[in-house]
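Below: the structure, in structure tokens.
Chains as they are written, first to last, in my numbering: chain A, 179 to 430; chain B, 4 to 117.
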């Protein structure tokens, strides 16, 4: 006797509905495996997005039992309830078809919020050497591994309530920028973070941090941005701007 | 229950905002009542007599609890936004249940003294 699981998958655009499929349970099966099996065995027209399948690209993010997750890194046995699974598109983004959302609003807000690096040097200048022990580098390190999967954006209620809100990922990126010793005009970057839809709109619900697949803490980054309104720009440490990293001092 | 809305941090968010709205609605009525003391002593006496009604007493108890909830959850927000976090993930959810317990205790003390 084979074990089967009942899988409800969103079909259509925002006015679509869930359709249920019976899928065979296998060992070490991920939610992405389930979606793939449904597409190959039951519903060839099912649209979904994935690329690496190993938790690097972030493109397979979907809503699984109400929670945004990377489906490739989610084992079925971790999330199954009553032998059933509900898989939908990410919240807070327009649905293109089935499990595929339009990521444009997410990236557009990222740009509008000013969450992009601007350096003051050219390729002809010496490479800036940043001490790994400097407070700025440590603070930036804590938030730098974001791969723009939009799980935090999907988890955040405020994004759903307030169209102007930049969202946790963009604000987390801004916090890394104001800690980046190479970023020019940090004051303007910080000011942009306090514009309408900036860090002041965060209600500290903490869903971004609870669900970030790479265990970043946008909540902490946003709180630190808010703190900067009183404390000023964070101290980042000195740049040894004339030292060129030739690789000669690296261990082989 | 929505898993994105059933955790302590979200509870603190909802508790702080709803208690804030309730207090915002209460305060104008409170000041209106106090204002009668200046112009109309009889109206003040009638209003004070109204506050002896058992339902008003229950409402007062609720206000004391909500005021304490708002104060303590507000202190949590201030701690989050004005001080460094003990760790990247510690958004002081450990304060939430004690804050609710203290608020209920404040209500009990108010009830015993009134």
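Cβ atoms here follow ideal geometry from the backbone N, Cα and C, with glycine treated the same way.
Interface flag, residue i vs chain B, CB-CB below 9 Å
i	result
residue 179 of chain A	Summary for residue 179 of chain A: the model assigns pLDDT 48, below 50, so the residue's position carries little reliability; its value from the coordinates is reported in the next sentence. Chain B contact via Cβ: absent.
residue 232 of chain A	no
residue 357 of chain A	no
residue 394 of chain A	yes
residue 397 of chain A	yes
residue 208 of chain A	no
residue 218 of chain A	no
residue 382 of chain A	yes
Cβ neighbour criterion (16 or more within 10 Å) applied to residue i
i	result
residue 273 of chain A	buried
residue 372 of chain A	exposed
residue 101 of chain B	exposed
residue 364 of chain A	buried
residue 426 of chain A	For residue 426 of chain A, the predicted model reports a pLDDT of 48, less than 50, meaning its position is unreliable and no value from the coordinates is stated.
residue 299 of chain A	exposed
residue 321 of chain A	buried
residue 413 of chain A	exposed
residue 20 of chain B	exposed
residue 5 of chain B	exposed
Given residue i as reference, the closest of the options once Cα atoms are compared
i	options	result
residue 256 of chain A	A:203, A:402 and A:360	A:203
residue 378 of chain A	A:369, A:323 and A:215	A:369
residue 260 of chain A	A:311, A:402 and A:181	A:181
residue 217 of chain A	A:232, A:200, A:233 and A:230	A:200
residue 406 of chain A	A:352, A:236 and A:302	A:352
Whole-number beta carbon distance between residue j and residue i, since they are thought to touch under 8 Å
i	j	result
residue 22 of chain B	residue 69 of chain B	4 Å
residue 347 of chain A	residue 7 of chain B	Contact flag wrong, Cβ pair sits at about 16 Å.
residue 329 of chain A	residue 239 of chain A	5 Å
residue 349 of chain A	residue 403 of chain A	6 Å
residue 284 of chain A	residue 345 of chain A	7 Å
residue 16 of chain B	residue 381 of chain A	5 Å
Interface flag, residue i vs chain A, CB-CB below 9 Å
i	result
residue 114 of chain B	no
residue 22 of chain B	no
residue 1 of chain B	This structure leaves residue 1 of chain B out entirely; chain B is present only between 4 and 117.
residue 7 of chain B	yes
residue 29 of chain B	no
residue 72 of chain B	no
residue 41 of chain B	no
Review point. Taking a cut of 8 Å between CB atoms, which residues from the stretch 236–263 of chain A lie near chain B?
Key: Per Cβ criterion, the list reads 243, 244 and 245.
Check your understanding: What are the residues of the stretch 88–99 of chain B that lie near chain A, defined by any Cβ-Cβ distance shorter than 9 Å?
Key -> If the cut-off is 9 Å between Cβ atoms, the stretch 88–99 of chain B has 88, 90, 91, 92, 93, 94 and 96 near chain A.
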